[in-house]
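A.B. asks:
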Amino acid sequence: MALKLFNTLERSVQPFTPMDPWQKRVGMYCCGPTVYDFAHIGNWRTFVFADLVRRALEFSGYDVNHVMNITDVEDKIIRKVRDNKTTLRAFTGRFEAAFLEDLQALHCRLPHHMPRATDYIAEIIDLIGRLIHRGIAYQAADGSVYFSIEKYRGCGCNYGQLLKLNFDGLRVGERVSADEYEKESVADFALWKARVAEDGEVFWGSPFGEGRPGWHIECSAMSMKVLGESFDLHLGGEDLKFPHHEDEIAQSEGATGKPFVRHWLHGAHLLVEGKKMSKSLGNFFTLRDLLAKGFTGREVRHLLLSAHYRETFNFTLDGLQGAKSALARIDECVGKLREITRSAAAVPEPALLEPFASALEDDLNISAAWAAVFDWVRETNKRIAENSLPPLAAAGALAAWERVDSVLGIGCKSEAPVPAEIAALAAERTEAKKARDFQRADAIRDRLKSMGWVIEDSPKGLKLKKI
RNA sequence: GGCGGGGUAGCCAAGUGGUAAGGCACGGCUCUGCAAAAGCUGCAUUCGUCGGUUCGAUUCCGACCCUCGCCUCCA
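So for the first sequence, numbering that gives the first Met the number 0 puts the first residue at 0; every next one is plus one.
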């Protein structure tokens with residue numbers, strides 16, 4: 000069975016086939032963060048989704064070239080740079096570093112390329128020049144350069160590929176201040192914004208005068224520079240369909256005359272505690288907020304990966320607690336397998352691998368994939384309890400798990416080393432138990448618990464676990 | 001107003017024209033001196049409401065109710 004993915008262009012699930020004649024290399028671009036603040040849990044859903052797509056492609060045997068841009072010049076950034084009396088690079092560098100830290104905390108594989116908009120100004124200018132040359136872009140009286148939807152359509156190009164739009168119904172003036180722009184038509188969008196005093200030091204020289212790129216052009220310029228004028232996959236949050244992605248298509252196809260992207264994927268948003276995330280509701284979380292509550296990146300990752308990417312997902316703290324418990328079950332099972340065998344060098348057990356792979360190939364049916372994992376955990380636990388799992392079978396089970404985890408990216412629980420003080424207390428309890436002084440043994444157990452360590456007795460001896 | 005998602009157990013969440021995966025929580029049991037965030041096990045006559053098609057509908061069709069998102073800041 001081959002990988003099938005929803006394609007926003009077709010509005011249906013389609014077999015995924017790369018452009019590469021060898022059917023091996025895949026070019027994939029995901030709209031990355033705008034670095035004006037710490038990324039929130041909603042942003043992370045999209046980036047973890049992108050990581051899942053990339054890992055699923057790799058699982059299917061593709062050689063993925065994964066590109067994620069960093070938007071480091073944009074209205075909000077410029078305003079904050081001005082307010083904080085700092086420089087663009089100093090300001091964005093801080094949030095870019097935080098983003099990378101968080102990305103790794105969530106076990107996301109680092110994209111192969113992470114181009115910054117400000118490092119591609121030349122490519123952006125060149126692309127705008129091509130659009131002007133083809134008569135699709137024009138410079139307005141204010142010096143800004145705009146993309147003309149009308150001219151673009153006049154070339155036989157299709158604007159509105161990702162969703163149905165009714166331009167007559169657009170309510171002009173409600174969300175676009177009409178006096179802000181000197182565009183010929185409301186739907187036109189800025190490619191190059193002419194320098195204004197408020198921009199401070201944030202501007203670049205260009206054939207169209209000093210200024211800075213518009214919001215959409217950077218993604219066209221960077222994706223085509225790194226992946227070519229046509230490439231396989233483009234991802235982003237569902238809100239980016241319009242205008243951002245629609246405009247990317249227009250800019251790119253308008254300039255090259257070639258199809259831009261074959262396959263578009265959009266991740267749905269999430270709610271937090273059933274409501275749209277907002278600072279005033281107190282349900283606005285960054286990853287850092289959740290780590291500060293004692294959760295780990297892998298727990299957050301598990302929760303973000305618990306629902307299908309095209310469904311709105313309700314992120315809750317209770318759910319996160321549940322993710323913690325669910326993960327502990329997997330850890331326990333995998334840990335026991337490792338006690339039986341140190342080796343995963345065996346034929347992966349099909350009982351886990353096959354249902355997992357079919358679920359994944361079916362437009363990333365992650366819920367069914369997790370079901371395959373938990374079914375396997377239960378069966379494996381039974382066999383371990385019955386002592387009917389020889390080392391070779393355990394190695395096959397581990398091999399299957401490692402293959403599956405190459406997609407889920409849950410990894411192993413990091414085993415905290417047991418501090419000497421804790422080990423000493425545990426030994427003291429064992430002595431007390433031997434002496435049948437259960438009162439003292441239980442007191443030590445309670446004390447350990449209050450110190451964050453739980454004792455797990457088993458026929459084979461005692462285990463210490465960090466809570 | 002235009003366009004598009006959803007409503008499945010206490011919570012989260014898959015799925016199918018043929019009788020409801022999985023996780024969390026909860027109950028029972030096993031292990032245990034007692035326990036455990038350890039293991040097993042139980043847990044929806046029912047899928048928003050009302051009609052229709054069908055031998056059969058949660059699944060298809062229609063109407064309605066509720067809810068969420070996008071419509072030039074947005075993951």
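For each residue, glycine too, the CB sits at the ideal point set by N, CA and C.
The structure presented is a predicted model; accordingly, all values stated were derived computationally and were not measured.
Report buried or exposed for Asp231, applying the criterion of at least 16 other Cβ atoms within 10 angstroms of its Cβ.
C.D. replies: With 16 or more other Cβ atoms within 10 Å, it is buried.
A.B. asks: Kindly indicate the opening and closing residues of the alpha helix (DSSP H) around Glu57.
C.D. replies: Its alpha helix (DSSP H) spans residues Ile40 to Phe58.
A.B. asks: Output the boundary residues of the alpha helix (DSSP H) element that contains Gly256.
C.D. replies: Where Gly256 is concerned, there is no enclosing alpha helix (DSSP H), given that its DSSP letter is neither H nor E.
A.B. asks: Under 8 Å by Cβ, that's how I've got Met27 and Asn64 pegged, so tell me the actual separation to the nearest angstrom.
C.D. replies: Met27 to Asn64, Cβ: 7 Å. Contact.
A.B. asks: Once you ignore the five residues that flank Lys75 on each side, which residues in its own chain have a CB closer than 6 Å to its CB?
C.D. replies: Around Lys75: Tyr35.
A.B. asks: Return helix, strand or coil for His265, following the three-state DSSP convention.
C.D. replies: Residue state, collapsed to three classes: strand.
A.B. asks: Hey, would you say His268 sits closer than 8 Å to Glu237, going by beta carbons?
C.D. replies: Yes. Within cutoff.
A.B. asks: Is it the case that the Cβ atoms of Tyr158 and Arg152 are separated by a distance below 8 Å?
C.D. replies: Contact flag set, yes.
A.B. asks: Please list the segments of the alpha helix (DSSP H) lying wholly inside the stretch 272-306, counting only runs of 4 or more residues, in order along the chain.
C.D. replies: Fully enclosed alpha helix (DSSP H) runs of 4 or longer: 286-291 and 296-303.
A.B. asks: Once you ignore the five residues that flank Lys323 on each side, which residues in its own chain have a CB closer than 6 Å to its CB?
C.D. replies: The answer, listed in chain order, is Glu298.
A.B. asks: When DSSP labels each residue in this structure, what does Phe202 get in the three-state scheme?
C.D. replies: In this structure, Phe202 counts as coil in the three-state DSSP scheme.
A.B. asks: State the DSSP-derived secondary structure class of Ser11, mapped to helix, strand or coil.
C.D. replies: Residue state, collapsed to three classes: strand.
A.B. asks: Three-state secondary structure (DSSP) at Asp404?
C.D. replies: Helix.
A.B. asks: Taking 8 Å as the threshold (C-beta atoms), are Arg108 and Arg54 in contact?
C.D. replies: In contact: Arg54 and Arg108 (Cβ atoms closer than 8 Å).
A.B. asks: Could you tell me the distance, in whole angstroms, from the CA atom of Lys433 to the CA atom of Glu420?
C.D. replies: Rounded to the nearest angstrom, the two C-alpha atoms are 20 Å apart.
A.B. asks: Assuming Cys332 is part of the beta strand (DSSP E), what are its boundary residues?
C.D. replies: Looking at the DSSP string, Cys332 is not in any beta strand (DSSP E); the run it does join, the alpha helix (DSSP H), is Leu316 to Ile339.
A.B. asks: Give a yes or no on whether the C-beta atoms belonging to Tyr137 and Glu183 are separated by under 8 Å.
C.D. replies: Yes, Cβ-Cβ distance for Tyr137 and Glu183 is below 8 Å.
A.B. asks: With H, G and I counted as helix, E and B as strand and the rest as coil, what does DSSP make of Ser457?
C.D. replies: Reduced to three states, the DSSP call for Ser457 is strand.
A.B. asks: Less than 8 Å between the beta carbons of Asp50 and Gly408, yes or no?
C.D. replies: Cβ distance < 8 Å, so Asp50 and Gly408 count as in contact.
A.B. asks: Label Cys17 either buried or exposed according to how many other C-beta atoms from any shown protein chain fall within 10 Å of its C-beta, with 16 as the threshold for buried.
C.D. replies: Before going further, note that residue 17 is Pro rather than Cys in the sequence given. With 16 or more Cβ atoms within 10 Å of its Cβ, Pro17 is classed as buried.
A.B. asks: For Arg328, which of Leu363, Thr379 and Val12 has the nearest alpha-carbon?
C.D. replies: Residue Thr379 is the option with its Cα nearest to Arg328.
A.B. asks: For Cys29, tell me which candidate among Val66, Arg10, Phe437 and Ala1 has the shortest Cα-Cα distance.
C.D. replies: Nearest of Val66, Arg10, Phe437 and Ala1 to Cys29, Cα basis: Val66.
A.B. asks: Given a threshold of 16 other Cβ atoms within 10 Å of its Cβ, counted over all protein chains shown, does Pro110 qualify as buried or as exposed?
C.D. replies: By the 10 Å Cβ count, Pro110 comes out buried.
A.B. asks: Under 8 Å, with one C-beta from each stretch per pair, do the stretch 123-136 and the stretch 183-199 reach the 3-pair mark?
C.D. replies: In short, these stretches touch, since the Cβ pair count reaches three.
A.B. asks: Below 8 Å CB to CB, which residues in the same chain sit around Phe437 once its five sequence neighbours on both sides are set aside?
C.D. replies: Once the five neighbours on either side are set aside, the close Cβ partners of Phe437 are Ala431.
A.B. asks: May I ask you to verify whether the stretch 344-363 touches the stretch 371-378, counting CB pairs closer than 8 Å and requiring at least 3?
C.D. replies: Yes: the two stretches touch, three or more of their Cβ pairs being nearer than 8 Å.
A.B. asks: Secondary structure at Arg446, three-state DSSP: helix, strand or coil?
C.D. replies: Residue state, collapsed to three classes: helix.
A.B. asks: Starting from Met221, follow the beta strand (DSSP E) in both directions and report where the run begins and ends.
C.D. replies: Taken as a continuous stretch (DSSP letters only), Met221 belongs to no beta strand (DSSP E), being part of the alpha helix (DSSP H) at Ile216 to Leu226.
A.B. asks: Kindly confirm or deny that the stretch 283-293 and the stretch 239-254 touch, where touching means at least three C-beta pairs closer than 8 Å.
C.D. replies: These segments do not touch.
A.B. asks: Taking His132 as part of the alpha helix (DSSP H), name the residues at either end of that continuous run.
C.D. replies: Taken as a continuous stretch (DSSP letters only), the alpha helix (DSSP H) holding His132 covers Ile120 to His132.
A.B. asks: Here's a check: name, in chain order, each residue in its chain whose Cβ is nearer than 6 Å to the Cβ of Tyr61, leaving out the five neighbours to either side.
C.D. replies: Correct list, in chain order: Val25.
A.B. asks: Quick check: the stretch 256-266 against the stretch 6-15, are there 3 or more CB pairs under 8 Å?
C.D. replies: The stretch 256-266, when compared against the stretch 6-15, does touch it at the 8 Å Cβ threshold.
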